[in-house]
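In this note's numbering, the protein residues as written are 61 to 168.
Glycine is no exception: its CB is placed at the ideal position from the N, C-alpha and C atoms.
Predicted model, so just to flag it, every value in this text is computed and none were measured.
Accompanying notes for the structure given below.
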Ligand SMILES: NC(=O)c1ccc[n+]([C@@H]2O[C@H](COP(=O)([O-])OP(=O)(O)OC[C@H]3O[C@@H](n4cnc5c(N)ncnc54)[C@H](O)[C@@H]3O)[C@@H](O)[C@H]2O)c1
């Protein structure tokens, strides 16, 4: 199954890599171009035990790819996950700006 993961942070990258490991074709989209180029070069920007091995294997087997191009990710996918950051606001509630931005991008 083709899956798009929007947000390649702690949640999105780990979930995307695990979904690829279980046989899906996963495209991870992030607005952070630096992070995407690191990942394309096989470098993992965060530490999670076993993650680097999972990413390397699935990139090599072409089940896991990375892009900053949201349209490319969305057009080719049956399921789209939004895993962008929701930092706390001063009043303690979550800032959902990134979620709305990602959802708007999917709609477009
Ligand atoms: N990290 C955790 O342990 C954890 C646990 C439970 C829930 N969560 C929740 O999961 C969500 C993601 O958290 P995280 O820790 O993975 O965040 P993170 O900051 O590690 O990653 C978020 C990623 O989203 C990217 N991003 C932001 N806006 C984007 C957009 N419009 N399009 C594409 N990419 C975009 C950022 O560049 C970043 O790489 C949050 O709602 C968080 O509260 C996280």
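So, using beta-carbon positions, are residue 91 and residue 143 closer together than 8 Å?
Taking 8 Å as the Cβ cut-off, residue 91 and residue 143 do not qualify as a contacting pair.
Check whether the segment 113-122 touches the segment 70-89, taking contact to mean three or more Cβ pairs, one atom from each stretch, closer than 8 Å.
yes
Could you work out which residue in 146, 150, 167, 151 is closest to residue 157 when comparing CA atoms only?
Each of 146, 150, 167, 151 was checked against the Cα of residue 157, and the nearest Cα belongs to 146.
To the nearest angstrom, how far is the alpha carbon of residue 100 from that of residue 124?
10 Å
Say whether chain C places a C-beta atom closer than 8 Å to the C-beta of residue 80.
No chain C is present in this structure, which holds just one protein chain.
Determine which residues share a DSSP beta bridge with residue 126 and list them.
Bridge partners of residue 126: 88.
Environment of residue 76 [buried if 16+ CB atoms lie within 10 Å]:
buried
Which value, in whole angstroms, describes the spacing of the CA atoms of residue 159 and residue 151?
19 Å
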